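Below: the structure, in structure tokens.
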Amino acid sequence: MDLSFSQEDRDFQQDVQSFLKAAWPQEMRDKKSRSALGKLSKDDLVGWQKRLAEKGWAAVNWPKDHGGAAFTPTQSYIWDLERAKVGAPGVIPFGMSMVAPVIMKFGTDEQKAKFLPPILNSDVWFCQGYSEPGSGSDLASLKTKAEDMGDHYLVNGVKTWTTLAQHADWMFCLVRTSNEDIRQMGISFILMDMTTPGISVKPIVTLDTPAENFQEINMVYFDNVKVPKENLVGEQGKGWTCAKYLLEFERGNAYSPALKGAMAHLRGAAAAEQDGYGATYSENADFMKRFNQVDVEILAMEFTEFRILGALAAGQNVGPESSMLKTRGSELQQSVTELALEITGNYASPLDSSTPAPGDNFQSVGPQASNGVAQEYFNTRKVSIYAGSNEIQRNIMSKLVLGL
Ligand SMILES: Cc1cc2nc3c(=O)[nH]c(=O)nc-3n(C[C@H](O)[C@H](O)[C@H](O)COP(=O)(O)OP(=O)(O)OC[C@H]3O[C@@H](n4cnc5c(N)ncnc54)[C@H](O)[C@@H]3O)c2cc1C
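Residue 142 is where the sequence shown starts when you use the numbering used here, and the numbers rise one by one after that.
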């Protein structure tokens, strides 16, 4: 098996490196590494995403006729790899990577014209309204009701865990338009303007919320919200088809580029930090045994990802492998933050005001090379839950691979 990149891919890698040097300058790298959890402000992210749009690289998976980059699977991998090396973020996925493919496939021409250009240019941000209290893994049990009022729907209900809803202009939302024996058949996929009267967003405060109150997730309440019928995507009652199609995009990422970047940072921190027994962590055999175990597992996953890239490049579909990658990738993300937490020691105390200032060694550990190691440890617990928990992924694998 030849795992080296082709000459064409190596040329592309050079282009990416030159672009990142100019478009993701040191000042942004420093700003990101100083911000809690490596999170930038919405303005910073919009600025970065607009630079990507100018270059034609904002929507890596979109076809060219919609203004996308149409990267090959290998180019996408190289893009992730080079970004991870310099800590440049990806795009916020809800608009560009999640709802846009659904609009392209199921939307009307008017919806495509209205939403795709501003999503591409980061002028419009979406959030995802799927989960409800009591309806997470069992999503088809959702209860948010959209009553057909002729020219509009009247929506009542509640969504939960809604990431970045406080910044979103629009929500793509699963609602129940009828009660059918097969629950999935009464669900519709609608787009909601977040400024519509009757929508309220309330933050969910989590353990990882750092001092400056960075807030990630929310409850969203709908109280007699009027949604024009023209905001229905696909057919009424066929929203489950859109929802499943979208999940393919939510789960389809490579993990090893970011993990390798994180391990490189961690290696540096292990060489610099004392373990409390007169040695550095990289001289501590017990720590290094666990470090190397994680390193080897990341390498094994990278090879699996290469194998999948090869299959995709040859025009094959990804089947149970996407569940396998999601499970292993999220477990390894968590392992990396556990190693980071160990090196940071008692300085990791999550809400302690003595958490080190920028420039200290322990700040450059963790998958996003940011400060707030404990916050990052807590934040990373989510990765085995969202986009289908790891237990659900194992159910999918056992069904597809073992036929159980
Ligand atoms: C940080 C974060 C951000 C999120 N962002 C969003 C968002 O933006 N939009 C959105 O719509 N949702 C979002 N989610 C919600 C996420 O998709 C759900 O949390 C997830 O689907 C699990 O649902 P639940 O929390 O209701 O847990 P439950 O479904 O109640 O599951 C509880 C436990 O039971 C296990 N379990 C459930 N069913 C089975 C089964 N059949 N077999 C084996 N085990 C099972 C689960 O694995 C889990 O361990 C987010 C979640 C988190 C944590």
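C-beta atoms are modelled at their ideal positions from N, C-alpha and C, and glycine is treated no differently.
These numbers were taken from a predicted model, which means no experiment stands behind them.
Task: Bridge partner(s) assigned by DSSP for Lys286 - done: The residue labelled residue 286 in the question sits at position 145 within the sequence shown. Looking at the DSSP output, Lys286 shares a beta bridge with Asn297 and Arg317.
Task: Selected residue, minimal CA-CA separation from Ala411, among Gly402, Ile526 and Phe428 - done: Stepping through the sequence shown from its first residue, residue 411 is reached at position 270. It is Phe428.
Task: Reduced DSSP category for Phe153 - H, G, I as helix; E, B as strand; rest coil - done: Position 12 of the sequence shown, counted from the first residue, corresponds to residue 153. Helix, per DSSP.
Open item on the list: Contact defined as beta carbons within less than 8 Å: I believe Gln534 pairs with Ser464. What is the distance between those atoms, to the nearest angstrom?
Closed with: Within the sequence shown, numbered from 1, the residue matching residue 534 stands at position 393. Within the sequence shown, numbered from 1, the residue matching residue 464 stands at position 323. About 4 Å separates the two Cβ atoms, so the contact holds.
Task: Cutoff 7 Å; reference Glu226; Cβ partners in own chain excluding five residues on either side - done: The residue labelled residue 226 in the question sits at position 85 within the sequence shown. Note that residue 226 corresponds to Lys in the displayed sequence, not to Glu. Cβ neighbours of Lys226 beyond the five flanking positions: Gly402.
Open item on the list: Checking the sheet assignment: what are the DSSP bridge partners for Cys268?
Closed with: Numbered from its first residue, the sequence shown carries residue 268 at position 127. Met312, per the DSSP bridge assignment.
Task: 7 Å Cβ shell around Trp311 - same chain, five flanking residues per side excluded - done: Indexing the sequence shown from 1 puts residue 311 at position 170. Val265, Phe267, Leu332, Met333, Asp334 and Met335.
Open item on the list: Taking the beta carbon of Ala528 as the centre, do at least 16 other beta carbons fall within 10 Å, making it buried, or is it exposed?
Closed with: Here residue 528 corresponds to residue number 387 of the sequence shown, with the count starting at 1. Ala528 should be labelled buried.
Task: Start-to-end residues for the beta strand (DSSP E) that takes in Asn365 - done: Counting from 1 along the sequence shown, the entry for residue 365 is found at position 224. Per DSSP, Asn365 belongs to the beta strand (DSSP E) from Ile358 to Pro369.
- [ ] Rounded to whole angstroms, what's the CA-CA distance from Ala163 to Arg170? Just pull it up for me.
- [x] Numbered from its first residue, the sequence shown carries residue 163 at position 22. Numbered from its first residue, the sequence shown carries residue 170 at position 29. Between the alpha carbons of Ala163 and Arg170 lies a gap of roughly 12 Å.
Open item on the list: Which of the three DSSP states is assigned to Gln415 in this structure?
Closed with: Counting from 1 along the sequence shown, the entry for residue 415 is found at position 274. Strand at Gln415.
Open item on the list: Given a cut-off of 9 Å on the beta-carbon distance, is the pair Gln356 and Ser263 in contact?
Closed with: Sequence index remark: in the sequence shown, residue 356 carries index 215 (1-based). Sequence index remark: in the sequence shown, residue 263 carries index 122 (1-based). With contacts defined as CB atoms closer than 9 Å, Gln356 and Ser263 fail to qualify as a contacting pair.
Open item on the list: To the nearest angstrom, how far is the alpha carbon of Gln158 from that of Met538?
Closed with: Residue 158 sits at position 17 when you count from the first residue of the sequence shown. Residue 538 sits at position 397 when you count from the first residue of the sequence shown. For Gln158 and Met538, the distance between alpha carbons rounds to 37 Å.
- [ ] Between the Cα of Glu472 and those of Lys246, Tyr518 and Thr285, spot the shortest distance and give me the residue it belongs to.
- [x] Taking the first residue of the sequence shown as position 1, residue 472 is located at position 331. Nearest neighbour of Glu472 by Cα position, chosen from Lys246, Tyr518 and Thr285, turns out to be Tyr518.
- [ ] Indicate whether Lys367 and Val296 have their beta-carbon atoms separated by less than 9 Å.
- [x] What you label residue 367 is simply residue 226 of the sequence shown in a count that begins at 1. What you label residue 296 is simply residue 155 of the sequence shown in a count that begins at 1. Their beta carbons are under 9 Å apart, which means Lys367 touches Val296 by this criterion.
TODO: Would you kindly work out how many angstroms separate the C-alpha atoms of Gly279 and Asp156, rounded to a whole number?
DONE: On the sequence shown, position 138 is the one that residue 279 refers to. On the sequence shown, position 15 is the one that residue 156 refers to. Rather than Gly, the amino acid found at residue 279 in this sequence is Asp. Straight across, the Cα-Cα distance linking Asp279 with Asp156 is about 44 Å.
Task: Glu273 - partner residues in DSSP beta bridges - done: Working through the sequence shown from its first residue, we reach residue 273 at position 132. DSSP output for Glu273 lists Ser276 as bridge partner(s).
- [ ] Under 7 Å Cβ to Cβ from Trp198, same chain only, skipping five residues before and after it: list those, please.
- [x] The count along the sequence shown starts at 1 and reaches residue 198 at position 57. A distance below 7 Å between beta-carbons, with the five flanking residues on each side excluded, links Trp198 to the following residues of its chain, in chain order: Ala210.
Open item on the list: Using a Cβ-based criterion (distance less than 8 Å to any ligand heavy atom), does Thr285 qualify as near ligand 1?
Closed with: Locating residue 285 in the sequence shown gives position 144, where the first residue counts as 1. Proximity of the beta carbon of Thr285 to ligand 1 is not indicated: no heavy atom of the ligand is located closer than 8 Å.
- [ ] May I ask you to list the residues that DSSP assigns as paired with Thr421?
- [x] Taking the first residue of the sequence shown as position 1, residue 421 is located at position 280. DSSP lists Gln415 as the beta-bridge partner residues of Thr421.
Open item on the list: Quick check: is any heavy atom of ligand 1 less than 8 Å from the C-beta of Trp302?
Closed with: Looking up residue 302 in the sequence shown gives position 161. Checking the Cβ of Trp302 against ligand 1 gives yes.
- [ ] Pull up the CB-CB distance for Pro398 and Leu222, whole angstroms please, since I reckon it's below 8 Å.
- [x] Sequence index remark: in the sequence shown, residue 398 carries index 257 (1-based). Sequence index remark: in the sequence shown, residue 222 carries index 81 (1-based). About 4 Å separates the two Cβ atoms, so the contact holds.
Task: Backbone CA spacing between Arg317 and Glu438 [nearest angstrom] - done: The count along the sequence shown starts at 1 and reaches residue 317 at position 176. The count along the sequence shown starts at 1 and reaches residue 438 at position 297. Approximately 42 Å between the Cα atoms of the pair.
- [ ] Assign Met404 to one of three DSSP states: helix, strand, or coil.
- [x] Numbered from 1 along the sequence shown, position 263 holds the residue referred to as residue 404. Of the three classes helix, strand and coil, the one that applies to Met404 here is helix, per DSSP.
Task: Endpoints, beta strand (DSSP E) assigned at Leu543 - done: In the sequence shown, the residue the question calls residue 543 occupies position 402. Element bounds for Leu543: n/a, residue is neither H nor E.
Task: Cut-off 8 Å between Cβ atoms - residues of its own chain near Tyr418, not counting five sequence neighbours on either side - done: Position 277 of the sequence shown, counting from 1, holds the residue named residue 418. Cβ neighbours of Tyr418 within its own chain (closer than 8 Å, five residues either side excluded): Asn425.
Task: beta-carbon Phe390 near ligand 1 non-hydrogen atom, thresh 8 Å - done: Taking the sequence shown and counting its residues from 1, the one referred to as residue 390 is at position 249. Closer than 8 Å to some heavy atom of ligand 1: that does not describe the Cβ of Phe390.
Task: Residues that Lys379 bridges to, as DSSP identifies them - done: Stepping through the sequence shown from its first residue, residue 379 is reached at position 238. Bridge partners of Lys379: Ile328.
Open item on the list: Taking 8 Å as the cut-off, does the segment 236-244 touch the segment 200-209 (at least 3 CB pairs, one atom from each stretch)?
Closed with: Between the segment 200-209 and the segment 236-244 there are three or more C-beta pairs closer than 8 Å, enough to call the two in contact.
Open item on the list: Can you determine whether any heavy atom of ligand 1 sits closer than 8 Å to the C-beta of Ala528, and answer yes or no?
Closed with: Taking the sequence shown and counting its residues from 1, the one referred to as residue 528 is at position 387. Between ligand 1 and Ala528, a heavy atom-to-CB distance of less than 8 Å is present.
Open item on the list: By DSSP's criteria, Ile345 is part of a beta bridge. Which residues make up the other side?
Closed with: Translated into positions along the sequence shown, residue 345 becomes position 204. DSSP output for Ile345 lists Ile358 as bridge partner(s).
- [ ] State buried or exposed for Gly270, treating a residue as buried only when at least 16 other CB atoms are found within 10 Å of its CB.
- [x] The count along the sequence shown starts at 1 and reaches residue 270 at position 129. It counts as buried.
Task: Cβ neighbours of Arg470 in the same chain (closer than 7 Å, five flanking residues each side left out) - done: Along the sequence shown, one-based indexing puts residue 470 at 329. Checking the sequence, you will find Gly at residue 470 rather than Arg. The residues Tyr396 and Met442, in chain order, have a CB closer than 7 Å to that of Gly470 in the same chain once the five nearest residues on each side in sequence are set aside.
Task: Ile233 - DSSP class collapsed to helix/strand/coil - done: By one-based count along the sequence shown, residue 233 stands at place 92. Three-state DSSP puts Ile233 in coil, outside helix and strand.
- [ ] Kindly indicate which residue of Thr347, Gly486, Leu450 and Leu181 has the alpha-carbon position closest to the one of Thr421.
- [x] For the purposes of this step, residue 421 is identified with residue 280 of the sequence shown, where counting begins at 1. With distances taken between Cα atoms, Thr421 lies closest to Gly486.
Task: Buried versus exposed call for Ser547 [16 or more other C-beta atoms within 10 Å across all chains shown] - done: Since the first and last residues shown for the chain are 142 and 545, residue 547 lies out of range.
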